[in-house]
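K.L.:
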Amino acid sequence: MTTKFLQILIVFYSLSCFGQQITYKHIVDSSAVETNEVMHVFESYIASNPQEKNYSEYWNKEVQTNYVDVDFLASEFQPSLYMGYPIHVLSISSMNGLYQIKAQFSFCKADGTPFVLAIVNYFAKKENGEFKLYNALHVNKQHWKCKTNGMINFYFPGYHDFDFKKAEKLNAFVQRICKNLEVNPTPFDYYFADHFDEVQKLKGIDYYVGMGGESMPSGKASEGKVYCSGLGEYYPHEVFHVQIDEHYPNKHFWVSEGMATFLGGSRGKDLEWHLIKTNAYLKRNPAINLNNLLELDNLDNATAYHYALGGLLVKKVYEKGGWEALKKFMRSGTADSDYYKAIEEQLGIKQTALNAYLRNELEAY
Ligand SMILES: [Zn+2]
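If you use this note's numbering, the sequence shown corresponds to residues 8 to 372, in order.
(1) Can you determine whether any heavy atom of ligand 1 sits closer than 6 Å to the C-beta of glutamate 264, and answer yes or no?
(2) When every heavy atom of ligand 1 is checked, does at least one fall within less than 6 Å of the C-beta of alanine 267?
(3) Among Asp252, Lys154, Ser113 and Met337, which has the Cα closest to the Cα of glycine 165?
(4) Suppose contacts are defined by Cβ-Cβ distances below 7 Å. Is alanine 361 in contact with leucine 297 by that definition?
(5) Report the rounded CA-to-CA distance for histidine 254 versus asparagine 191, giving the unit in angstroms.
(6) What does the alpha-carbon distance come out to for the pair alanine 363 and lysine 173?
(7) Three-state secondary structure (DSSP) at leucine 300?
(8) Rounded to a whole number of angstroms, what is the C-alpha to C-alpha distance between isoleucine 94 and alanine 311?
(9) For cysteine 24, which of helix, strand or coil comes out of DSSP?
(10) Between tyrosine 197 and phenylalanine 247, is the Cβ-Cβ spacing less than 7 Å?
(11) Quick one: measure Cβ to Cβ for glutamate 368 and tyrosine 314, integer angstroms, because I've assumed they're closer than 8 Å.
(12) Enumerate in chain order the residues of its own chain whose CB-to-CB distance from phenylalanine 260 is below 7 Å, with the five nearest sequence positions on each side excluded.
(13) Under 8 Å by Cβ, that's how I've got alanine 125 and tyrosine 31 pegged, so tell me the actual separation to the nearest angstrom.
(14) If you count every other CB in all the chains shown that lies within 10 Å of the CB of tyrosine 89, and 16 or more means buried, which is it?
(15) I'd like to know if the stretch 280–299 and the stretch 331–338 are in contact, where contact means that at least 3 CB-CB pairs between them fall below 8 Å.
(16) Could you tell me the distance, in whole angstroms, from the CA atom of isoleucine 34 to the CA atom of histidine 167?
(17) Who are histidine 248's beta bridge partners in DSSP?
(18) With burial defined as no fewer than 16 other Cβ atoms inside 10 Å of the residue's Cβ, what is the status of methionine 8: buried or exposed?
(19) Measure from the alpha carbon of threonine 268 to the alpha carbon of each residue in Asn257, Pro256, Gly226 and Ala349, then state which is nearest.
(20) Whose C-alpha, out of Ser87, Glu50 and Glu83, is nearest the C-alpha of glutamate 59?
(21) Assuming leucine 177 and tyrosine 241 form a contact by the criterion Cβ under 8 Å, report the distance between their Cβ atoms to the nearest whole angstrom.
(22) Let me know the secondary structure DSSP gives lysine 357 once reduced to three states.
(23) Please state if the CB of tyrosine 65 and the CB of valine 6 are separated by a distance shorter than 7 Å.
(24) Cutting at 7 Å between CB atoms, please list the residues of its own chain near histidine 52, excluding the five before and the five after it.
(25) Do three or more CB pairs link the stretch 66–76 to the stretch 135–150 at distances below 8 Å?
(26) Go ahead and label phenylalanine 163 buried or exposed: buried means 16 or more other beta carbons lie within 10 angstroms of its beta carbon, across all protein chains shown.
(27) By the 10 Å Cβ neighbour count, where 16 or more other Cβ atoms means buried, how is histidine 281 classified, buried or exposed?
(28) Run the CB neighbour count on valine 77, radius 10 Å, all protein chains shown included, and call it buried at 16 or more, exposed below.
(29) Can you have a look at threonine 285 and say buried or exposed, based on whether 16 or more other CB atoms are within 10 angstroms of its CB?
(30) Buried or exposed for glutamate 83, going by 16 or more other Cβ atoms inside 10 Å?
(31) In the DSSP assignment, find the beta strand (DSSP E) that holds tyrosine 198 and state where it starts and stops.
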């Protein structure tokens with residue numbers, strides 16, 4: 008997960024008091040039978056507690072067969088897109104029986120200014136005579152190019168010339184980490200473009216809170232899918248997440264991000280780059296206490312403590328005990344106390360000594 012997504016994490020649980028109500032802007036054809044059916048299936052879905060990500064009868068067969076989380080937009084926001092924001096349907100349009108629903112998730116703040124979490128798109132189409140929902144990704148990816156190389160289905164915009172060398176390098180990365188971590192590699196879809204917002208658009212996201220700023224490499228992994236921008240066919244960090252994470256569920260967030268950064272870098276820069284930056288920053292800020300490192304979040308918009316220091320700790324564990332030690336580290340528990348305990352067990356460093364230890368280790372960079 009990258010910084011941009013972490014910023015979205017900051018968006019509040021507290022809105023659940025709104026309930027999940029739906030309103031409509033003027034919908035052309037709202038009295039037409041099919042438009043009505045589409046509105047009905049969408050309303051029924053929203054009323055079915057989609058934040059609980061249960062099996063949903065309102066979705067098409069293909070997505071129900073192949074995925075646990077049928078609605079790909081749900082996990083684009085934390086804890087879920089469906090965290091209680093009122094939903095305003097902006098438009099419903101159709102072409103040859105394929106309906107597109109454009110919905111805004113927003114509320115009006117006390118001072119009257121609107122807060123918009125996102126504007127997203129769903130599709131609806133008839134399946135055995137009944138309208139079912141489709142992810143925008145399913146529809147939009149048909150307009151992208153696709154190349155399968157090894158076990159990866161690469162999807163990319165028409166302007167891009169496919170780089171086989173980089174694709175093969177990514178396949179080799181998958182084979183190497185899976186072998187060392189004793190995981191069976193599984194095929195997955197890899198969506199990439201030059202700019203992050205092209206990928207957002209592909210997923211059906213027209214607007215999301217945090218949009219804008221300078222475009223930099225970004226990525227995200229979720230159930231059999233990697234989305235990334237700015238690095239072409241080789242974005243190994245997210246590939247670590249999509250291949251490995253589910254096989255080691257009992258690990259701390261910092262272990263996951265540390266492993267991904269140690270093995271695959273972050274935002275197109277290797278671990279060393281992040282460590283040089285972190286060392287310089289910490290020297291300028293001697294008051295930052297790394298004994299409580301889990302309380303630290305982003306260093307700036309290019310690096311975060313869980314990449315840099317998480318990666319450094321993974322590296323030290325690897326240097327001491329190789330892949331066996333890393334596998335143990337990846338099974339050491341999800342709680343903060345588990346993480347500190349694992350560091351003490353594996354590296355012999357007590358939590359109270361972490362600040363001195365890490366600052367000293369960083370001097371090598
Ligand atoms: Zn990550």
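For glycine and all other residues, C-beta sits at the position ideal for the given N, C-alpha and C.
Since this is a predicted model, take the numbers as computed values, not measurements.
P.N.:
Let's see:
(1) Checking every heavy atom of ligand 1 against the Cβ of glutamate 264, one is found closer than 6 Å.
(2) Distance from the C-beta of alanine 267 to the nearest heavy atom of ligand 1 is below 6 Å.
(3) The residue with the shortest Cα to Cα distance from glycine 165 is Lys154.
(4) This sequence places leucine at residue 361; alanine is not what is there. Cβ atoms of leucine 361 and leucine 297: closer than 7 Å.
(5) Distance from the CA atom of histidine 254 to the CA atom of asparagine 191, rounded to whole angstroms, is 9 Å.
(6) Here the alpha carbons of lysine 173 and alanine 363 stand approximately 40 Å from one another.
(7) Here leucine 300 sits in helix by DSSP.
(8) One Cα belongs to isoleucine 94, the other to alanine 311, and the distance between them is close to 33 Å.
(9) Unreliable placement is indicated for cysteine 24, whose pLDDT of 39 sits below 50; the coordinate value is still reported in the next sentence. In the structure shown, cysteine 24 sits in a helix (DSSP, three-state: H, G or I).
(10) No.
(11) By a beta-carbon distance limit of 8 Å, glutamate 368 does not contact tyrosine 314. Their separation comes to about 16 Å.
(12) Taken in chain order, the residues that qualify are His313.
(13) Alanine 125 to tyrosine 31, Cβ: 17 Å. No contact.
(14) Label assigned to tyrosine 89: buried.
(15) Inter-segment contact for the stretch 280–299 and the stretch 331–338 is absent: fewer than three beta-carbon pairs are separated by less than 8 Å.
(16) One C-alpha to the other measures close to 37 Å.
(17) Beta-bridge partners assigned by DSSP to histidine 248: none are found.
(18) At methionine 8, the pLDDT of 44 sits below 50, so the modelled position is not reliable; the number obtained from the coordinates is stated separately. Flag for methionine 8 reads buried.
(19) Closest by C-alpha distance to threonine 268, out of Asn257, Pro256, Gly226 and Ala349, is Gly226.
(20) For glutamate 59, the nearest C-alpha among the options comes from Ser87.
(21) About 5 Å; that satisfies the 8 Å criterion.
(22) If DSSP states are grouped into helix, strand and coil, lysine 357 belongs with coil.
(23) What the structure shows of the chain is the stretch from 8 to 372, and residue 6 is not part of that stretch, so it cannot be assessed.
(24) Note that residue 52 is tyrosine in the sequence shown, not histidine. Cβ within range, chain order: Ser63, Tyr65 and Leu140.
(25) Flag = yes, the stretch 66–76 and the stretch 135–150 touch.
(26) By the neighbour-count criterion, in which 16 or more other beta carbons inside 10 Å mark a residue as buried, phenylalanine 163 falls on the buried side.
(27) Buried: at least 16 other Cβ atoms inside 10 Å.
(28) Buried is the label assigned to valine 77, since at least 16 other Cβ atoms lie within 10 Å of its Cβ.
(29) With 16 or more Cβ atoms within 10 Å of its Cβ, threonine 285 is classed as buried.
(30) Result: buried.
(31) 195–200 is the extent of the beta strand (DSSP E) around tyrosine 198.
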